[in-house]
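S.K.:
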Amino acid sequence: QAVDLEKPVAEGYLSQNSDIALAGFALKTSDGDAKAVAMPKGSGKMVKTVNKVIKKLAKDDKYKQYISDAAKLTANEIED
1 QAVDLEKPVA EGYLSQNSDI ALAGFALKTS DGDAKAVAMP KGSGKMVKTV
51 NKVIKKLAKD DKYKQYISDA AKLTANEIED
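Residue numbers for the sequence shown follow full-length UniProt numbering, beginning at 1 and rising by one.
(1) Does residue 46 come out as helix, strand or coil in the three-state DSSP assignment?
(2) Given this structure, state the Cα-to-Cα distance separating residue 10 from residue 62, to the nearest angstrom.
(3) Can you have a look at residue 71 and say buried or exposed, based on whether 16 or more other CB atoms are within 10 angstroms of its CB?
(4) Over the uninterrupted alpha helix (DSSP H) stretch that includes residue 11, give me the two end residues.
(5) Compute the beta-carbon to beta-carbon distance between residue 91 and residue 27, rounded to the nearest angstrom, for a pair I have assumed lies under 8 Å.
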C-alpha cells in the first residue's frame, strides 16, 4: 500500500510512525502542482511583500529548511 503526499506532510507522518518509509523516488510534477498564496482583492501592498519574501527565500535557499522545520513542528503538535 502507498499514499501520495507532499514531502513535508509525509515527513511529519514518518516522524510519528516508525513502521512506514518514504519511497526512494520522486513523481513528476507539472505547473498544475505549483503552490499559491491567496489574498483578498486589493491587497497590493501585501502581494508586494509576499513576493519579496518568496524571492528572498528562493535566493537564500531557505525554503526547504522552512518546510523541514514546519514538518517537525507539525509532528510536535501531533504528539501533544
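The C-beta atom is built at its ideal place from N, Cα and C for all residues, glycine as well.
M.R.: Reading from the atomic positions:
(1) helix
(2) 19 Å
(3) buried
(4) 7-16
(5) Outside the shown range of the chain (1 to 80) lies residue 91, about which nothing can therefore be said.
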